[in-house]
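Residue numbers (the working numbering): 3 to 402. Note that beta-carbon positions come from the ideal geometry of N, C-alpha and C, so glycine has one too.
#1: Just verifying my parser: in three-state terms, what is the DSSP assignment at residue 24?
#2: Does residue 136 come out as helix, strand or coil in the three-state DSSP assignment?
#3: Determine, using beta carbons only, whether residue 280 and residue 288 come nearer to each other than 8 Å.
#4: Hey, quick one: how far does the beta strand (DSSP E) through residue 39 stretch, first residue to last?
#5: In terms of residue numbering, what span does the beta strand (DSSP E) encompassing residue 279 cover?
#6: If you pair each beta-carbon of the segment 68–85 with each one of the segment 98–114, do three or more pairs fall below 8 Å?
#7: Of all the options 302, 308, 397, which has the alpha carbon lying nearest to the alpha carbon of residue 258?
#8: Extract the residue ranges of the alpha helix (DSSP H) inside the segment 294–333, only unbroken runs of 4 or more that lie entirely within it.
#9: Check residue 158 in the structure and name its three-state DSSP category.
#10: In terms of alpha-carbon separation, which member of 366, 393, 391 lies closest to residue 38?
#11: With distances taken Cα to Cα, identify the nearest neighbour of residue 407 among 266, 290, 166.
#12: In angstroms with no decimal places, state the Cα-to-Cα distance between residue 241 and residue 197.
#13: Please classify residue 126: does DSSP put it in a helix, a strand, or coil?
#14: Where residue 125 and residue 58 are concerned, what is the direct C-alpha to C-alpha distance, given to the nearest angstrom?
#15: Can you tell me where the beta strand (DSSP E) holding residue 106 begins and where it ends?
#16: Out of 271, 41, 355, which one is the CA nearest neighbour of residue 325?
#17: Below 8 Å CB to CB, which residues in the same chain sit around residue 341 once its five sequence neighbours on both sides are set aside?
#18: Below 8 Å, can you find three or more Cβ-Cβ pairs linking the segment 107–123 to the segment 89–98?
#19: Sorted by chain position, which residues of the same chain lie with C-beta nearer than 6 Å to residue 35's C-beta, five sequence neighbours on each side aside?
#20: Quick one: is residue 92 buried, meaning 16 or more other Cβ sit within 10 Å of its Cβ, or exposed?
#21: Can you give the Cα-Cα distance for residue 276 and residue 297, rounded to whole angstroms?
#22: Excluding sequence positions up to five away, which residues of its chain have a Cβ less than 6 Å from the Cβ of residue 322?
#23: For residue 317, count neighbouring C-beta atoms within 10 Å of its own C-beta (all shown protein chains included) and say buried if the count is 16 or more, exposed if not.
#24: Give the DSSP bridge partners of residue 120, in chain order.
#25: Run through DSSP, which three-state label would residue 274 get?
#26: Beta-carbon within less than 6 Å of residue 211's beta-carbon, same chain only, minus the 5 sequence neighbours each way: which residues are those?
#27: Do residue 143 and residue 175 have their C-beta atoms closer together than 8 Å?
#28: Nearest by alpha-carbon distance to residue 219: which of 155, 165, 393 is it?
#29: Please report the straight-line C-alpha distance between residue 400 and residue 56, rounded to a whole angstrom.
#30: For residue 113, count neighbouring C-beta atoms within 10 Å of its own C-beta (all shown protein chains included) and say buried if the count is 16 or more, exposed if not.
#31: Find the nearest neighbour of residue 84 within the set 237, 363, 50, 283, judged by alpha-carbon distance.
#32: Would you mind sorting residue 396 into buried or exposed? The rule is 16 or more other CB atoms within 10 Å of its CB.
#33: Find the nearest neighbour of residue 356 within the set 54, 43, 369, judged by alpha-carbon distance.
#34: Would you kindly work out how many angstroms separate the C-alpha atoms of residue 315 and residue 41, rounded to a whole number?
#35: Helix, strand or coil: how does DSSP classify residue 198 here?
#36: Are the beta-carbon atoms belonging to residue 32 and residue 73 less than 8 Å from one another?
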């Protein structure tokens with residue numbers, strides 16, 4: 003869950019810089035709009051058929067003050083419904099909804115150098131149960147903070163630029179509380195039984211982009227304000243939890259004859275000083291201690307392509323692979339006992355689609371996917387680790 007939240011924040015921060023490269027021409031106001039709506043049916047190998055939808059929307063406005071000064075505002079709205087998810091992330095039935103606001107002031111220092119200070123606010127709601135109200139979600143989150151970016155442009159014919167960015171976020175989970183701690187110690191204050199997920203997040207990234215090739219390196223630090231690290235005695239010590247992510251990614255978007263290619267590859271190293279106590283049952287008096295339980299290395303590969311049959315119709319396909327290998331966590335067997343093999347999760351998705359371009363700004367796509375999730379962790383009482391499934395759906399995109 004923590005990793006999912008962090009990914010959402012990074013995506014929201016990147017949304018502001020993604021529009022930073024749009025040409026700041028002679029217009030006083032330049033609007034930006036991008037929306038994707040999708041709805042799909044999911045057929046898991048076990049359980050009932052279900053459906054889920056997604057909405058991803060970005061609405062921006064670039065305002066020209068002078069030849070060198072601009073203001074940019076961006077609003078993002080995202081809704082993620084029920085669907086198949088990678089292991090150790092969330093349940094199929096989880097849903098989330100978020101609103102984000104990003105404001106930037108842009109100042110051109112030279113013809114090639116530009117500075118972009120900004121502020122950002124976001125609010126995210128999560129529902130983990132069918133009857134849970136959006137306002138009462140355990141993992142509801144509020145985020146606020148600032149950022150500073152420096153853009154250096156080169157090779158104008160190929161739109162080459164490099165962006166160095168630093169951002170800082172103050173993140174709060176107003177509804178989160180550790181029920182087990184409250185039960186064990188009724189004298190806990192709101193600061194310790196609640197607010198355990200509250201944190202500050204700092205992130206620095208360096209991202210080059212040239213001739214539709216893109217990539218970069220991102221380093222993220224999460225400092226928890228109240229959450230302590232559990233010791234081998236089964237109690238929390240004095241050290242506060244700290245997580246870091248070092249991520250590398252590379253991709254491009256090119257056309258080759260009638261083919262459109264959008265491959266992307268990423269590698270993430272996640273480190274956490276948090277440990278884990280494994281209770282086999284409620285009231286277990288001899289829980290098993292697992293050190294460095296949450297650190298992992300994750301590889302992700304996405305290879306989508308479209309074969310343009312005509313100017314309006316295209317046949318598409320995609321291959322997606324996500325593999326997470328834990329540094330120290332051992333897989334569990336069916337009896338909830340640790341084995342001698344470190345846990346590895348793999349999720350593979352094959353997708354076929356038909357796309358029709360309605361006009362210059364709109365398109366619709368019909369798609370079908372086959373998902374295979376596998377893991378050497380066989381204890382699946384709380385989270386699905388080994389499953390297969392099929393999904394069929396439709397997506398509509400409007401962008402200008």
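In brief:
#1: Bear in mind that a pLDDT of 47 at residue 24, under 50, signals an unreliable position, so the number given afterwards is only what the model happens to contain. Reduced to three states, the DSSP call for residue 24 is coil.
#2: helix
#3: no
#4: 31–46
#5: 278–280
#6: yes
#7: That would be 308, whose Cα lies nearest to the Cα of residue 258.
#8: You should have found no qualifying run.
#9: helix
#10: Nearest option by C-alpha distance: 366.
#11: Residue 407 lies beyond the stretch modelled for the chain, which goes from 3 to 402, so this question has no answer here.
#12: Approximately 16 Å between the Cα atoms of the pair.
#13: strand
#14: Cα to Cα, the separation comes out at about 15 Å.
#15: 97–110
#16: 271
#17: 332, 333, 334, 335, 378
#18: Contact between the segment 107–123 and the segment 89–98 is absent: fewer than 3 CB-CB pairs across the two stretches fall below 8 Å.
#19: 61, 402
#20: The C-beta of residue 92 has 16 or more other C-beta atoms within 10 Å across all chains shown, which makes the residue buried.
#21: Put simply, the backbone Cα of residue 276 is about 9 Å away from that of residue 297.
#22: In chain order, 304, 351 place their CB closer than 6 Å to the CB of residue 322, counting only its own chain and leaving out the 5 sequence neighbours on each side.
#23: exposed
#24: 106, 149
#25: It is a strand residue.
#26: 163
#27: yes
#28: 165
#29: Those two C-alpha atoms are separated by around 14 Å.
#30: exposed
#31: 50
#32: exposed
#33: 369
#34: 21 Å
#35: Coil at residue 198, not helix or strand.
#36: no
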